[in-house]
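What follows is the structure in structure tokens.
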């Protein structure tokens with residue numbers, strides 16, 4: 038197994054005098070193999086984003102372990118080891134505005150990742166790689182480079198984030214609600230990009246989303262998360278046909294469908 | 003006689019850079035007892051249309067042209083004061099986007115209802131107001147404890163239902179809702195949608211204009227669907243007809259871009275429309291979808307297509323369907 | 003980007019007016035003593051003479067030229083103000099950034115220190131320190147003032163850092179392997195630049211008033227002239243009671259003019275930065 042999570046827990050303490058412990062993520066375990074696409078599905082507050090941030094080493098778990106290619110990623114001591122990890126496991130987030138620091142041109146978000154490369158490249162080589170990645174995600178370099186984030190559309194910005202991943206050719210990408218803030222007509226383009234990355238580079242993708250439709254369309258396996266726990270895990274088809282957990286059944290029942298009408302309405 | 007009739011409505015935002023033609027020549031009819039869904043992506047003008055139909059038009063937005071009639075009132079020839087006292091809340095009610103974020107944190111639900119009732123029915127006593135509120139909440143299966151609670155004590159879904167109940171307390175003929183469920187999870191969404199349909203079933207309201215970007219919701223609750231693009235209506239028909247036989251390339255693309263957990267959707271695949279909507283400050287001549295349309299020809303750039311009835315009750319604005 | 007800011011900010015009327023006043027006074031303070039070469043500490047005329055052609059602002063009780071004193075005083079006061087502001091802002095930004103970024107114990111400790119500094123009466127502390135230093139030059143006075151004034155800047159910076167820290171572009175930089183220090187400098191501080199700059203301006207204004215206050219009770223600079231020391235001598239010689247208006251009004255008026263124009267400049271800058279950020 039390329040990537041595995043064991044008993045991952047994150048507890049937040051809330052309150053001033055009467056401190057209460059809230060388990061945002063409670064004993065979560067799952068595995069992910071090379072070239073797989075899985076989705077972690079849950080509604081807001083289910084803990085799915087917290088899980089993603091822990092996998093990306095942006096938040097410390099309270100307890101639990103994670104292994105990537107045999108290495109315990111919570112015990113990476115040196116900055117070199119951590120950089121190596123981020124070279125291979127990278128993230129894309131929901132809000133296409135947010136990943137860009139408004140003070141800088143969007144180029145920064147792409148050129149930043151060269152510090153994760155093994156060897157030093159000169160300016161010309163870097164420019165080549167950046168242009169190639171932008172082309173690979175369907176963007177024209179001269180329309181993008183040199184601009185600020187507010188000058189570009191949501192779809193363009195999200196594609197830049199995929200281009201960033203493309204430059205790294207990571208083994209695993211975590212995409213947190215990558216299309217929920219993009220117009221429907223341009224969504225398919227970004228989704229196809231992820232599928233392409235998986236097909237061409239054998240990159241595994243883990244979608245974090247509330248949208249069962251997106252999960253079913255893209256993934257081999259779906260994990261349903263509720264209140265910090267994984268309540269069901271199944272192959273996409275099985276989940277649709279034979280949901281086991283009552284929460285999953287309720288979700289499938291309440292999602293508005295295009296091809297059939299609600300019966301109990 | 004349709005409940006709502008809008009003819010050639012044009013509403014522009016006047017800015018220092020020029021006028022943004024957000025709603026540019028809309029013709030719309032809503033029959034009595036009908037739920038009409040208006041669908042479109044960001045910037046298509048649907049929210050502006052909602053405000054305009056209610057005549058809630060304040061600078062920089064201006065109603066430039068058009069006639070709007072609701073029930074027996076011709077709104078475009080009435081003074082704002084009259085519309086406020088005789089139409090808003092009583093004939094038409096609007097629940098705008100993010101209405102649940104606009105609740106004043108220090109007022110209980112029943113106080114908001116009290117304000118609405120007192121404004122229109124000046125002679126009601128406190129007891130009568132309380133009873134009216136209670137009765138309506140019971141009718142709609144809303145727990146009456148909610149009346150005595152503050153907004154922060156209520157969940158998102160409950161807030162939205164309280165807002166909708168308050169907006170319809172005076173039994174308006176038309177309810178306009180703008181993205182009422184986009185911030186809610188699926189199960190809560192279903193409850194709110196059921197409530198809206200219930201309001202019609204119980205005769206509390208007659209018709210609904212439901213504005214959203216989510217076509218799957220409209221499949222479940224609306225009788226007719228109207229697709230907007232760049233300030234214009236591109237296609238309009240009954241729900242079944244338009245979802246099974248969309249004709250306009252944009253409508254087709256939009257419907258085929260819907261992702262739901264259904265085998266047919268996975269088999270069908272997702273459509274993708276490259277490009278972006280035009281700048282409404284200087285909209286292009288001719289068809290506004292031309293630059294993104296794969297069927298586009300010379301004619302499309304020069305002449306704007308008009309909304310014509312292709313089949314019975316199926317209207318399309320496209321040159322190829324003539 | 004800087005060009006954009008300059009063009010935009012000069013469009014605001016408030017800014018143009020206050021900045022012009024400020025710039026003129028500073029210019030007078032710098033160029034004045036070079037042009038008007040009368041030495042301020044020498045007796046050059048009859049004591050307490052009213053303003054006339056030879057003595058544009060009259061003379062003080064020792065026959066010294068007041069106009070010369072004021073001209074020299076302006077630059078000294080402003081210099082102390084700027085110096086205090088630079089040091090105070092620097093301390094506040096560093097402490098605030100470390101506290102906000104690191105969090106945890108470091109944050110708690112730094113905030114205890116900050117809170118103590120803020121609740122301690124600044125004037126009292128300044129008086130105590132100043133009284134123990136025999137020879138107080140411009141640097142000492144500036145440092146004394148800056149050590150008691152960085153508190154609220156630290157808090158403000160800390161709050162901004164804490165909110166910026168959770169922004170996704172920080173996550174992006176972290177995943178690109180940037181170290182904490184680099185993230186603080188490259189990602190966070192530029193977003194706060196406008197805030198820090200305004201703090202600097204407000205601190206200058208406050209520092210000038212603090213210096214005037216210290217000087218008026220005799221604990222300012224021991225040699226030389228600042229607007230505060232002129233007022234000190236005016237007070238010592240009971241200028242107010244005796245109606246020697248030309249002595250105490252000019253320095254006071256100029257002090258008010260500088261501090262007010264600084265405050266209005268800060269307000270105008272705030273106006274410029276806020277809607278712009280909202281517009282994004």
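Residue numbers (my numbering), protein chains in the order written: chain Y, 38 to 302; chain L, 3 to 324; chain X, 3 to 282.
Yeah, the Cβ is synthetic: ideal placement off N, Cα and C, and Gly gets one too.
Once you ignore the five residues that flank residue i on each side, which residues in its own chain have a CB closer than 8 angstroms to its CB?
i                     : result
residue 280 (chain X) : Caution applies to residue 280 (chain X), whose pLDDT of 45 falls short of 50 and renders its modelled position unreliable; the value that the coordinates give is listed next. Result list for residue 280 (chain X): empty, nothing under 8 angstroms.
residue 61 (chain L)  : 16
residue 226 (chain Y) : 175, 192 and 196
residue 177 (chain Y) : 171
residue 105 (chain X) : 164
residue 49 (chain X)  : 61, 62, 63, 64 and 65
So, at 7 angstroms on beta carbons, what are the nonlocal neighbours of residue i in its own chain, with the 5 sequence-adjacent residues on each side left out?
i                     : result
residue 73 (chain L)  : 5, 93 and 175
residue 282 (chain L) : 22, 23, 24, 232 and 233
residue 70 (chain X)  : 38, 40, 41 and 42
residue 238 (chain Y) : 206
residue 27 (chain X)  : 76, 256, 259 and 260
residue 23 (chain X)  : 259 and 263
residue 59 (chain L)  : 13, 53 and 65
Closest Cβ-Cβ distance between residue i and chain Y: below 8 angstroms?
i                     : result
residue 106 (chain L) : no
residue 274 (chain X) : no
residue 121 (chain L) : no
residue 194 (chain L) : no
residue 139 (chain X) : no
residue 35 (chain X)  : no
residue 73 (chain L)  : no
residue 12 (chain X)  : no
residue 192 (chain X) : yes
residue 24 (chain L)  : no
residue 112 (chain L) : no
Excluding the 5 residues preceding and the 5 following residue i in the sequence, name in chain order all residues of the same chain whose CB lies nearer than 6 angstroms to its CB.
i                     : result
residue 112 (chain L) : 135 and 149
residue 305 (chain L) : 288
residue 162 (chain X) : 194
residue 39 (chain L)  : 212, 220, 224 and 227
residue 175 (chain X) : 185 and 189
Check whether chain X comes within 8 angstroms of residue i, counting only Cβ atoms and requiring the distance to be less than that.
i                     : result
residue 149 (chain Y) : yes
residue 203 (chain Y) : no
residue 132 (chain Y) : yes
residue 183 (chain Y) : no
With DSSP as the reference, label residue i as helix, strand or coil.
i                     : result
residue 250 (chain L) : coil
residue 101 (chain Y) : strand
residue 38 (chain X)  : coil
residue 243 (chain Y) : strand
residue 159 (chain Y) : coil
residue 143 (chain Y) : coil
residue 123 (chain Y) : helix
residue 215 (chain L) : coil
residue 17 (chain L)  : strand
residue 230 (chain L) : strand
What does residue i reach in chain A if we use C-beta pairs closer than 7 angstroms?
i                     : result
residue 189 (chain X) : No chain A is part of this structure, whose protein chains are labelled Y, L and X.
Can you check whether the C-beta of residue i is within less than 8 angstroms of a C-beta belonging to chain L?
i                     : result
residue 245 (chain Y) : no
residue 250 (chain Y) : yes
residue 224 (chain Y) : yes
residue 154 (chain Y) : no
residue 267 (chain Y) : no
residue 213 (chain Y) : no
Kindly examine the ligand ZN and report whether one of its heavy atoms sits closer than 7 angstroms to the Cβ of residue i.
i                    : result
residue 57 (chain L) : Only the bare structure without any ligand can be found here, which leaves the ligand ZN out of the picture.
Chain X contacts made by the segment 134-145 of chain Y, where a contact means CB separation under 7 angstroms: 135, 136, 137, 138, 139 and 140
Interface positions of the segment 112-126 of chain Y facing chain X (Cβ-Cβ less than 8 angstroms), listed along the chain: 116, 119, 120 and 123
Cβ-based contacts, 8 angstroms cut-off: residues of the segment 169-180 of chain X near chain Y: 169, 170, 171, 173, 174, 175, 176, 177, 178, 179 and 180
Segments assigned alpha helix (DSSP H), at least 4 residues, entirely inside the segment 18-76 of chain X: none
Contact residues within the segment 61-87 of chain Y, judged by C-beta distance below 7 angstroms to chain X: none
Length at least 3, wholly inside the segment 209-263 of chain Y: the beta strand (DSSP E) runs in chain order: 209-213, 241-246 and 258-263
Segments of 4+ residues assigned as alpha helix (DSSP H) that fall wholly inside the segment 104-190 of chain X: 106-121, 124-134, 140-149, 153-167, 170-177 and 182-185
Chain L contacts from the segment 272-299 of chain Y (Cβ-Cβ distance under 8 angstroms): 277, 287, 288, 289, 291, 292, 293, 294, 295, 296, 297, 298 and 299
Within 7 angstroms of chain X by C-beta, residues of the segment 90-114 of chain Y in sequence order: 93 and 95
Complete runs of the alpha helix (DSSP H) confined to the segment 91-130 of chain L [at least 4 residues]: 111-122
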